[in-house]
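So this note's numbering is basically just the index in the sequence shown, starting at one, shifted up by 35. Glycine included, each C-beta is placed from N, C-alpha and C at the ideal position. In this text, all values refer to a predicted model and were calculated from it rather than measured experimentally. A short write-up of the structure that comes next.
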Amino acid sequence: MSAGHDHRSESCLELFERLSEYLDGELPPALCAEIEAHMAGCEPCVRFLRSLRNTVAQVGAVPSASMPDEWKRECVEAFEKRFRDRGRQPV
Ligand SMILES: [Zn+2]
36 MSAGHDHRSE
46 SCLELFERLS
56 EYLDGELPPA
66 LCAEIEAHMA
76 GCEPCVRFLR
86 SLRNTVAQVG
96 AVPSASMPDE
106 WKRECVEAFE
116 KRFRDRGRQP
126 V
């Protein structure tokens with residue numbers, strides 16, 4: 036109850052779906068603003084974006100519009116772990 040934000044993991048998952056497009060600059064400004072607004076209050080998402088950027092820097096490209104399932108699952112697990120660390124269960 037003392038957490039300073041009430042983001043739900045659901046919106047984080049929605050964010051995942053858009054991140055590659057976001058990095059690709061394919062999203063309309065309104066959606067970018069939405070993502071950035073979410074990032075402002077969600078540290079796990081910021082960290083995830085950072086690691087995604089690193090991957091892009093190494094691979095040289097955003098891994099297309101759809102992330103590999105395996106990768107996505109990894110991200111989701113990492114997120115769920117963070118929520119658990121905070122004593123919150125993703126629904
Ligand atoms: Zn988030």
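Pick from the options: whose alpha carbon is nearest that of residue i?
i            : options                    : result
arginine 88  : Glu49, Leu50, Asp59, Ser46 : Asp59
alanine 92   : Cys47, Glu49, Ser55        : Ser55
glutamate 69 : Glu78, Thr90, Tyr57        : Tyr57
What does the alpha-carbon distance come out to for the pair residue i and residue j?
i             : j                : result
alanine 65    : arginine 85      : 21 Å
glutamate 71  : leucine 48       : 15 Å
methionine 74 : valine 81        : 6 Å
glycine 76    : arginine 53      : 17 Å
cysteine 67   : glutamate 61     : 9 Å
proline 79    : leucine 50       : 11 Å
alanine 100   : phenylalanine 83 : Caution applies to alanine 100, whose pLDDT of 49 falls short of 50 and renders its modelled position unreliable; the model cannot decide the point.
glycine 11    : serine 46        : Nothing about residue 11 can be reported from this structure: the residues present for the chain run from 36 to 126 only.
proline 63    : threonine 90     : 23 Å
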